[in-house]
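These protein sequence lines are chains H and V, in that order.
Those letters in the first sequence? Residues 129 to 375, per the numbering used here, in order.
Those letters in the second sequence? Residues 10 to 430, per the numbering used here, in order.
The beta-carbon is built from N, C-alpha and C at its ideal position, and this holds for glycine as well.
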Amino acid sequence: MSVRFLHLFPSQLGLNGEAGNLDVLVARLKWAGIDSKIETFDGSGSIASGYDAVFIGSGTLAGALEALELLEAQASKLRELAESKIPFLALGLGWEILGESMELLDGRTVAGAGVFPSRSQRIAERASAESYGYDQAGNLTTGYANHSSEIELLNDSQPLISLEAGFGNSSRQSAKQRSDEGLLNQNLMAARLNGPLLALNPHLADQFLAIVARNSGFSYRQISAEAKVADAYAAKARAELRDRLAR
Amino acid sequence: MRLSFAVLVGKLIRIVAKLRGGGSAIPGRIAMIVEPKLLSKTLGALKHGVIFVSGSNGKSTTTSLVAGALASQGLKVFSNPSGGNMPQGIGSAVIGKASLSGSLDADVAVLEVDEAYGEVLAPFITPSWVVLTNIQIDQLNRFFEPDRVVGMLLAAANHATNGVVINGSDANLVDIGLMLSDVPVAQVKVSEKALAKWPAGALAAPRFGKGQVINEIPESVSVVDEVDGVATLSLGGVKSEVKLPGKGLHFAIDTALAFSVAERILGSSFDMQAASSAISSQQTVYGRGEIVNYQGVEIQILMMKNPSSMRATLVSMEDPQTAIWIAMDEGTPDPSWIFDIDLSRIGSVRMISSSRAWHWATRLSYLGKSIEQVQPDSKQALAEYVSFLKSTGKRGTLLTNYEQMMAIRKLMGFLDLESGK
């Protein structure tokens, strides 16, 4: 078994440790005895079939808008992959351009790729803060929020994480739903926290890999000695952040 | 009259502040209440005015290189010690050097200016020249996106009365150069050969959504090549070799920027040979490769600020087999970028300390690197690290963020933090 990842726009959307998330997925699969390979799409040519999972990271607004333009002809292909239950993991602005639509600061609304049941509105206010909360299974989840928009979840999507401090799907200080972070809807997973998210929160990496394994029909169990070491360090990094913020 | 009174008051407060220890901006703040035009009346009166040096990285190095290059041409140079970005901090430095009549014995001033402070400083002092080093992926928690820094530096450059000098290998700065219509712009060109040896994206943040840009900005001094800390620079076809403050193309670019602004100021009387000799004998800027002696052991301090500077640091690290100590605290609010760096030059790590220690340990464990010790407490880490160096006779290498560098220097008893003594 070799898992095939499609990494969308690594150069346009790879601002801040984003590739680290894929490194984590690849390492954890390897530790479980499963091979994987990453193929990239940066706008030239067309997107093929046969992938086990799709990843898109975050970046600058200019990088994201360039990626969105380059994606136009391929959006229907991506929707097709998502409808056939291929797992997608999207972060930050990568998530926003794969949503239904993005409203820009000048009032224009641009259509997203329509993969994720969500839409976003860019706002003037900026969030920049360490954040922590708990995922649906109650695991402490931490990261760094650095964004400037409000994302609305559609079609029964659930937030991936419920935050106790920091900023989630809204960058507004006054937002009521600031605690909702990310999206989970069957094979679709999205989040905004940096960290990188999956390095600091291996429970989310394993949750995503479990979705990939179920869809592609292989078994994934993470019981390696390597993961035990890395996960113990990540747990201390999370605890340090929470304890410091909760003080 | 008001100026001399302001300088006198400032000097008196400075003496008191020094006795009490700290408060370096206070003399400037008070003097500028007495004379709000303190900076323009002192620095602004200099023959060649004030040079602002700004950009994401290399500001301190370039400021010291510009000062060195101009001094090599016989000019008297006033410069601010690193860190004094605020008008009041610069005011304090001016008061320290000014005569009681308020005049400075200098022909030109060189100021290191934080990316966000060009606009803050401009109402107090208009730059004659602005030198821009680069725009990198840097302090995203504060600047959010490199594009925002483009706007800040463009605004600062727009204030220049005589000219702007940019690093022409940075697409962001080329864009700024092309947007400046009222002020002459010159660029440092870097040869394809020199650029090809450097990891992609290591020098500047990528620029999106601009397509192909035609860059016909006039050239000044250019970078032909950099090999092991020696640069070959060229001006009008005449080449000169310079021993740089350290290894790496970024040092060659910073030096070429310094020579370029000197060349723009002095015109045909600029002597590149004299500038090259002066820079070749200049000492390493504090915090970038400096070796400290502490309790009989040698520790090289290498600062890591952002992915670009970290890559440059790793390239210039002389002995990858040295005992490495990594120290980072929440002064780096979002350390995600440590996952973007090729750490293959690091073999094993002796010590990781401070509040980001667990973050680093996570990263290194994904790379399969061995970690001898994780010690969140800096004081404890220093004691244990030094005792290890003593027992093995090894030299140490400390990779650290700015905040931990200051904290650890203080623990070592280097109290005069600004001069690095």
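CA-to-CA distance, Leu55/V to Val140/V, given in whole angstroms
To locate residue 140/V, count along the second sequence from 1; it is residue 131. To locate residue 55/V, count along the second sequence from 1; it is residue 46. Each residue's Cα considered, the two are about 18 angstroms apart.
Whole-angstrom Cβ separation of Ser317/V and Gln145/V, contact assumed at under 8 angstroms?
In the second sequence, counting from the first residue as 1, residue 317/V sits at position 308. In the second sequence, counting from the first residue as 1, residue 145/V sits at position 136. Their Cβ separation, rounded to whole angstroms, is 4 angstroms, which keeps Ser317/V and Gln145/V in contact under 8 angstroms.
Would you say Ile185/V reaches chain H, if we count a Cβ-Cβ gap shorter than 8 angstroms as a contact?
Mapped onto the second sequence, residue 185/V falls at position 176. So no, Ile185/V is outside the interface.
So is Glu121/V buried or exposed if we call it buried at 16+ other beta carbons inside 10 Å?
Taking the second sequence and counting its residues from 1, one reaches residue 121/V at position 112. Buried.
Among Ala255/H, Pro245/H, Phe244/H and Ala360/H, which one has its Cα closest to the Cα of Ala293/H?
Numbered from 1 along the first sequence, position 165 holds the residue referred to as residue 293/H. Among Ala255/H, Pro245/H, Phe244/H and Ala360/H, the Cα nearest to that of Ala293/H belongs to Ala255/H.
DSSP three-state assignment for Gln97/V, whether helix, strand or coil
Against the second sequence, residue 97/V aligns to sequence position 88. In the structure shown, Gln97/V sits in a helix (DSSP, three-state: H, G or I).
Chain H within 8 angstroms of Ile335/V, Cβ atoms only
In the second sequence, counting from the first residue as 1, residue 335/V sits at position 326. No, its Cβ sits nowhere closer than 8 angstroms to a Cβ of chain H.
Going by other Cβ atoms of all chains shown within 10 Å of its Cβ, with 16 needed for buried, is Lys314/V buried or exposed?
Reading the second sequence from its first residue, position 305 is the one you call residue 314/V. Per the 10 Å Cβ criterion, buried.
Chain H beta carbons: is any one of them nearer than 8 angstroms to that of Leu323/V?
On the second sequence, position 314 is the one that residue 323/V refers to. No, no contact with chain H.
Note the first and the last residue of the continuous beta strand (DSSP E) segment covering Gly172/V.
Here the question's residue 172/V lines up with position 163 in the second sequence. Unbroken beta strand (DSSP E) run through Gly172/V: Gly172 to Asn176.
Residue burial classification, Ser229/V (beta-carbon count within 10 angstroms, cutoff 16):
As a working mapping, residue 229/V is identified with position 220 in the second sequence. So Ser229/V counts as buried.
Asn267/H to Gly19/V span [Cα, whole Å]:
Within the first sequence, numbered from 1, the residue matching residue 267/H stands at position 139. Within the second sequence, numbered from 1, the residue matching residue 19/V stands at position 10. Whole-angstrom Cα-Cα distance: 57 angstroms.
Can you tell me whether Ala360/H is helix, strand or coil according to DSSP?
For the purposes of this step, residue 360/H is identified with residue 232 of the first sequence, where counting begins at 1. Residue state, collapsed to three classes: helix.
Go ahead and label Thr401/V buried or exposed: buried means 16 or more other beta carbons lie within 10 angstroms of its beta carbon, across all protein chains shown.
Within the second sequence, the letter at position 392 stands for residue 401/V. Exposed, by the Cβ-count rule.
Helix, strand or coil, according to DSSP, for Ile166/H in the structure here?
If you number the first sequence from 1, residue 166/H lands on position 38. In the structure shown, Ile166/H sits in a strand (DSSP, three-state: E or B).
Rounded straight-line distance, which links the Cα of Arg320/V to that of Ala166/V
Within the second sequence, numbered from 1, the residue matching residue 166/V stands at position 157. Within the second sequence, numbered from 1, the residue matching residue 320/V stands at position 311. Each residue's alpha carbon lies about 28 angstroms from the other.
Going by C-alpha to C-alpha distance, which of Asp180/H, Gln140/H and Phe169/H sits closest to Phe346/H?
If you number the first sequence from 1, residue 346/H lands on position 218. Nearest option by C-alpha distance: Asp180/H.
Assuming Thr270/H is part of the beta strand (DSSP E), what are its boundary residues?
Taking the first residue of the first sequence as position 1, residue 270/H is located at position 142. Taken as a continuous stretch (DSSP letters only), the beta strand (DSSP E) holding Thr270/H covers Leu268 to Leu281.
Cβ neighbours of Lys165/H in the same chain (closer than 8 angstroms, five flanking residues each side left out)
Residue 165/H sits at position 37 when you count from the first residue of the first sequence. Cβ within range, chain order: Ser130, Val131, Arg132 and Phe133.
Taking Ser251/V as part of the alpha helix (DSSP H), name the residues at either end of that continuous run.
In the second sequence, the residue the question calls residue 251/V occupies position 242. Sequence inspection shows Val at residue 251/V; the Ser mentioned does not correspond to that position. Not the alpha helix (DSSP H): Val251/V falls in the beta strand (DSSP E), residues Val247 to Lys252.
Runs of beta strand (DSSP E) lying entirely within the segment 133-190 of chain V, each at least 3 residues, in chain order
138-141 and 172-176
Inter-residue spacing [alpha-carbon to alpha-carbon] between Ser174/H and Leu219/H
Here the question's residue 174/H lines up with position 46 in the first sequence. Here the question's residue 219/H lines up with position 91 in the first sequence. Looking at the two C-alpha atoms, the distance is approximately 22 angstroms.
Whose C-alpha, out of Trp334/V, Gly160/V and Glu381/V, is nearest the C-alpha of Ser387/V?
For the purposes of this step, residue 387/V is identified with residue 378 of the second sequence, where counting begins at 1. Answer by Cα proximity: Trp334/V.
Closest to Leu373/V by CA distance: which of Asp234/H, Ser290/H, Arg207/H and Asp359/H is it?
Within the second sequence, the letter at position 364 stands for residue 373/V. Checking every option, the nearest Cα to that of Leu373/V belongs to Asp359/H.
Where Ser289/V meets chain H, residues with beta-carbon distance less than 8 angstroms:
Numbered from 1 along the second sequence, position 280 holds the residue referred to as residue 289/V. Neighbours of Ser289/V on chain H: none; closest Cβ ~37 angstroms, over 8 angstroms.
Across the segment 141-151 of chain H and the segment 184-200 of chain H, are there enough close Cβ pairs to call them in contact, namely three or more that are closer than 8 angstroms?
yes
Does the distance between the C-beta of Gly53/V and the nearest non-hydrogen atom of the ligand FMN fall short of 7 angstroms?
For the structure depicted, the ligand FMN is absent and the ligand set is empty, with no information on it obtainable.
Environment of Ile300/V [buried if 16+ CB atoms lie within 10 Å]:
Here the question's residue 300/V lines up with position 291 in the second sequence. Exposed, since its Cβ has fewer than 16 Cβ neighbours within 10 Å.
Asp234/V - containing beta strand (DSSP E), residue span:
In the second sequence, counting from the first residue as 1, residue 234/V sits at position 225. Asp234/V -> beta strand (DSSP E) spans Ser231 to Val236.
Taking its Cβ as the centre, do 16 or more other Cβ atoms sit within 10 Å of Tyr375/V, making it buried, or is it exposed?
Mapped onto the second sequence, residue 375/V falls at position 366. Buried, by the Cβ-count rule.
Where do the ends of the beta strand (DSSP E) carrying Tyr260/H lie?
As a working mapping, residue 260/H is identified with position 132 in the first sequence. Per DSSP, Tyr260/H belongs to the beta strand (DSSP E) from Ser246 to Asp263.
Contact under 8 angstroms by Cβ, Gly127/V with Met41/V:
Walking along the second sequence from the start, residue 127/V turns up at place 118. Walking along the second sequence from the start, residue 41/V turns up at place 32. Not closer than 8 angstroms, so no.
Residues bridged to Gln221/V [DSSP beta-bridge criterion]:
As a working note, residue 221/V is residue 212 in the second sequence. Looking at the DSSP assignment, Gln221/V forms no beta bridge with any residue, so it has no partner.
Which chain H residues are close to Asp156/V, counting only those with a beta carbon under 9 angstroms from its beta carbon?
Residue numbering aside, residue 156/V sits at position 147 when the second sequence is read from its first letter. Those within 9 angstroms of Asp156/V in chain H are Thr188, Leu189 and Ala190.
May I ask you to report which of helix, strand or coil DSSP gives Trp346/V?
Position 337 of the second sequence, counted from the first residue, corresponds to residue 346/V. Correct three-state label for Trp346/V: helix.
Quick check on DSSP: helix, strand or coil for Tyr295/V?
Numbered from 1 along the second sequence, position 286 holds the residue referred to as residue 295/V. Note that Tyr295/V scores 49 on pLDDT, short of 50, meaning its location in the model is unreliable; the coordinates nonetheless yield the value given after this. Three-state DSSP puts Tyr295/V in coil, outside helix and strand.
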